[in-house]
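*Asks:* Under numbering that gives the first Met the number 0, think of the first position of the sequence shown as 0, with each following residue one higher.
Idealized CB from N, CA, C, for every residue including glycine.
Owing to the predicted nature of the structure, the values given are computational and were not obtained by experimental measurement.
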Amino acid sequence: MPLYEYRCRVCGYRFEKLVRLSQADQPIACPNCGTSETERLLSAFAARTSEGASSATSCSTGGG
0 MPLYEYRCRV CGYRFEKLVR LSQADQPIAC PNCGTSETER LLSAFAARTS EGASSATSCS
60 TGGG
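1) Going by CA-CA distance only, name the one from Gln25, Gly11 and Cys10 that's closest to Leu17.
2) Hey, Ser35 and Ala28 are a contact pair by Cβ (cut 8 Å); roughly how many whole angstroms apart?
3) State the Cα-Cα distance for the pair Asn13 and Ala43, rounded to the nearest angstrom.
4) Taking C-beta to C-beta, are Tyr3 and Glu38 nearer than 8 Å?
5) In its own chain, which residues sit with a C-beta less than 6 Å from the C-beta of Cys7, not counting the 5 before and 5 after it?
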(Lines of atoms letter the chains of each structure in order from A and count residues from 1; the text may use other names and numbers.)
(Lines give C-alpha, C1' and ligand atoms only; values in the text may rest on other atoms or scores of the structure.)
Protein backbone atom coordinates (compact mmCIF):
# COMPACT_ATOMS: atom_id res chain seq x y z
CA MET A 1 0.00 0.00 0.00
CA PRO A 2 1.48 3.36 -1.00
CA LEU A 3 1.67 6.30 1.37
CA TYR A 4 0.05 9.41 -0.13
CA GLU A 5 0.26 13.00 1.06
CA TYR A 6 -2.91 15.11 1.06
CA ARG A 7 -3.93 18.71 1.74
CA CYS A 8 -7.39 19.78 2.82
CA ARG A 9 -8.86 22.49 0.60
CA VAL A 10 -11.06 23.76 3.45
CA CYS A 11 -8.74 24.03 6.48
CA GLY A 12 -5.32 23.63 4.80
CA TYR A 13 -4.31 20.66 6.99
CA ARG A 14 -1.61 18.42 5.43
CA PHE A 15 -1.57 14.72 6.24
CA GLU A 16 -0.35 11.34 5.00
CA LYS A 17 -2.45 8.22 4.55
CA LEU A 18 -1.81 4.63 3.48
CA VAL A 19 -4.25 3.92 0.64
CA ARG A 20 -4.86 0.77 -1.37
CA LEU A 21 -4.17 1.23 -5.07
CA SER A 22 -7.77 0.29 -5.86
CA GLN A 23 -8.95 3.19 -3.65
CA ALA A 24 -6.37 5.79 -4.70
CA ASP A 25 -8.86 7.88 -6.72
CA GLN A 26 -11.60 7.92 -4.07
CA PRO A 27 -12.13 10.98 -1.85
CA ILE A 28 -10.18 10.94 1.42
CA ALA A 29 -11.64 12.67 4.49
CA CYS A 30 -9.54 15.26 6.31
CA PRO A 31 -8.71 14.02 9.83
CA ASN A 32 -8.75 17.64 11.09
CA CYS A 33 -12.14 18.93 9.88
CA GLY A 34 -13.78 15.85 8.33
CA THR A 35 -14.47 17.23 4.86
CA SER A 36 -13.78 15.16 1.75
CA GLU A 37 -12.48 18.27 -0.05
CA THR A 38 -8.87 17.05 -0.13
CA GLU A 39 -6.26 16.89 -2.86
CA ARG A 40 -3.44 14.42 -3.27
CA LEU A 41 -0.05 16.13 -3.45
CA LEU A 42 3.10 15.24 -5.33
CA SER A 43 5.73 14.45 -2.75
CA ALA A 44 9.34 13.36 -2.56
CA PHE A 45 10.19 9.78 -1.78
CA ALA A 46 13.27 8.01 -0.54
CA ALA A 47 14.73 4.85 -2.05
CA ARG A 48 17.37 2.55 -0.67
CA THR A 49 20.13 1.69 -3.12
CA SER A 50 22.09 -1.54 -3.31
CA GLU A 51 24.95 0.19 -1.45
CA GLY A 52 22.62 0.87 1.48
CA ALA A 53 22.60 4.64 1.07
CA SER A 54 19.32 6.41 0.83
CA SER A 55 18.49 9.09 -1.69
CA ALA A 56 15.52 11.42 -2.05
CA THR A 57 13.87 11.98 -5.38
CA SER A 58 11.28 14.57 -6.31
CA CYS A 59 9.76 16.06 -9.40
CA SER A 60 11.23 19.35 -10.47
CA THR A 61 10.97 21.62 -13.46
CA GLY A 62 13.32 23.92 -15.19
CA GLY A 63 16.77 23.75 -16.62
CA GLY A 64 19.73 23.96 -14.65
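*Replies:* In terms of the structure at hand:
1) Measuring from the Cα of Leu17, the nearest candidate turns out to be Gln25.
2) That pair is a contact at about 5 Å.
3) Note that residue 13 is Arg in the sequence shown, not Asn. Rounded to the nearest whole angstrom, the C-alpha separation of Arg13 and Ala43 is 14 Å.
4) No, Cβ-Cβ distance for Tyr3 and Glu38 is not below 8 Å.
5) The answer, listed in chain order, is Cys29 and Thr37.
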